[in-house]
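Asker: Letter by letter, the sequence shown follows residues 257 to 510 of this note's numbering. Ideal Cβ positions, reconstructed from N, Cα and C, are used throughout, including at glycine. Okay, handing you the structure first.
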Amino acid sequence: MHYLIGFIIAMFIALTGVGAGTITTPLLILFLGVPTSIAVTTGLVFAASVKLLLVPTQIIRKQVDWKVLGWMLLGGLPGVLVGSFFLAHLVSKGSQHFMNGLLGAVLVGTAIYQIFYSFRPIKNPREITRDAPWAMPLLMFPVGAEVGFSSAGAGALGTAALLSLTTLAPAMVVGTDILFGFLVAVIGSGVHMFNGAHDTQLLKELIIGGIGGVIVGTVSAKYIPKRPLRFALWVWLLIIGVQFLYTNMIGVTK
257 MHYLIGFIIA MFIALTGVGA GTITTPLLIL FLGVPTSIAV TTGLVFAASV
307 KLLLVPTQII RKQVDWKVLG WMLLGGLPGV LVGSFFLAHL VSKGSQHFMN
357 GLLGAVLVGT AIYQIFYSFR PIKNPREITR DAPWAMPLLM FPVGAEVGFS
407 SAGAGALGTA ALLSLTTLAP AMVVGTDILF GFLVAVIGSG VHMFNGAHDT
457 QLLKELIIGG IGGVIVGTVS AKYIPKRPLR FALWVWLLII GVQFLYTNMI
507 GVTK
């Protein structure tokens, strides 16, 4: 089962550019009963592992804007540290219901934003009169914090910020965002693993399955439209987030 989950998630990442932590963490918590802290760590490490396979290709193809990436990391790295330490604090307090409720709220908020964003017309980079990369740290700090706490959001929200604030071509947006997601995932997973929140065997099985998923997704990506798949992901995420909130409310009232 773990191999299959890893395969499906990695294939989805290769097809759409988003989804590692967004899909992994909820699946592990709701369907496999993995504790929240371990699920978040697993989502981050798995995201970093899958994107590690994609990063060299983006760099070789010169599809990374290093200056814009620097602006993103200026806010994203402190943010992921804050989010990671916040989750570790909640774990030490035994606040499982609060963690799940907050995670559900993050998933629902991200999904609603992305569903709304999906109906906006695709912008041509030439329509943006000038870059505003200096605003990136302000936006990437909360995105990094969300990644550190929930493992979700780096790919989707990073892409939205790049499309809104820069004149980068679509290929550069994808490459820059993949590298950003990889780096914040590495930092966040490092903090969580240092605090002891990890399952080595689960990670191993997910990563082995994920290797096959990346290969299949990369080969078939040019034949499958990305936008409908992304929209389906956000609808699924909204349903899962609501399920988190409902389950948490039932648990609190018992």
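Could you give the first and the last residue of the continuous alpha helix (DSSP H) run that contains VAL403?
Answerer: Per DSSP, VAL403 belongs to the alpha helix (DSSP H) from 392-406.
Asker: If you measure between the beta carbons of LEU288 and ILE480, is that distance less than 8 Å?
Answerer: No, they are not a contact pair.
Asker: Is the Cβ-Cβ distance between GLY262 and ILE464 less than 8 Å?
Answerer: Their beta carbons are under 8 Å apart, which means GLY262 touches ILE464 by this criterion.
Asker: Does the beta-carbon of GLN457 have 16 or more other beta-carbons within 10 angstroms, so that it is buried, or is it exposed?
Answerer: By the 10 Å Cβ count, GLN457 comes out exposed.
Asker: Looking at GLY431: is its Cβ nearer than 8 Å to the Cβ of GLN314?
Answerer: In this structure, GLN314 lies closer than 8 Å to GLY431 by Cβ.
Asker: Tell me whether VAL498 sits in a helix, a strand or coil according to DSSP, three-state version.
Answerer: It is helical.
Asker: Thinking C-alpha only, which one of ILE495, GLN370, MET396 and THR503 is nearest ARG483?
Answerer: Among ILE495, GLN370, MET396 and THR503, the Cα nearest to that of ARG483 belongs to GLN370.
Asker: Kindly say whether VAL306, judged by its beta-carbon, lies nearer than 8 Å to any beta-carbon of chain C.
Answerer: Although the question refers to chain C, the structure presented lacks it and comprises just one protein chain.
Asker: According to the neighbour-count rule (16 or more other Cβ atoms, all chains shown, within 10 Å of its Cβ), is ILE316 buried or exposed?
Answerer: So ILE316 ends up on the exposed side.
Asker: What runs of the alpha helix (DSSP H), each 4 residues or longer, lie entirely inside the region 422-475?
Answerer: Listed in chain order, the complete alpha helix (DSSP H) runs (minimum 4 residues) inside the region 422-475 are 426-450.
Asker: Applying the criterion that 16 or more other CB atoms from any shown protein chain within 10 Å of the CB defines a buried residue, is TRP490 buried or exposed?
Answerer: Buried is the call here.
Asker: If you count every other CB in all the chains shown that lies within 10 Å of the CB of TRP327, and 16 or more means buried, which is it?
Answerer: With 16 or more other Cβ atoms within 10 Å, it is buried.
Asker: Pick from GLY497, SER407, GLY466 and ALA477: whose alpha carbon is nearest that of ILE265?
Answerer: Answer by Cα proximity: GLY466.
Asker: Quick one: what does DSSP say PHE372 is sitting in, helix, strand or coil?
Answerer: Looking at PHE372 - three-state DSSP - the assignment turns out to be helix.
Asker: Would you decide whether PRO282 is buried or exposed? Buried here means 16 or more other CB atoms lie within 10 Å of its CB.
Answerer: Counting Cβ neighbours within 10 Å, PRO282 comes out buried, since at least 16 surround it.
Asker: Identify, in the order they occur along the chain, each residue of the same chain with its Cβ nearer than 8 Å to the Cβ of TRP322, setting aside the five sequence neighbours on each side.
Answerer: Excluding residues within five positions, none has a Cβ falling inside 8 Å.
Asker: Ignoring anything shorter than 4 residues, give me the alpha helix (DSSP H) runs that lie fully in the region 279-316, in order along the chain.
Answerer: Complete alpha helix (DSSP H) runs here, min 4: 292-316.
Asker: May I have the straight-line CA-CA distance separating SER445 from ILE495, to the nearest angstrom?
Answerer: Whole-angstrom Cα-Cα distance: 26 Å.
Asker: Return the CA-CA distance between LYS307 and THR422, expressed in angstroms with no decimal places.
Answerer: About 23 Å.
Asker: Of all the options GLY365, GLY404 and PRO393, which has the alpha carbon lying nearest to the alpha carbon of THR292?
Answerer: If we check each option's Cα against that of THR292, GLY404 comes out closest.
Asker: For PHE436 and TRP492, I'd like the C-alpha separation in whole angstroms.
Answerer: Near 24 Å, if we compare the C-alpha coordinates of TRP492 and PHE436.
Asker: Please say whether THR298 and LEU459 have beta carbons closer to each other than 8 Å?
Answerer: Yes, Cβ-Cβ distance for LEU459 and THR298 is below 8 Å.
Asker: Between which two residues does the alpha helix (DSSP H) holding MET257 run?
Answerer: Careful: MET257 lies outside any alpha helix (DSSP H) and carries neither H nor E.
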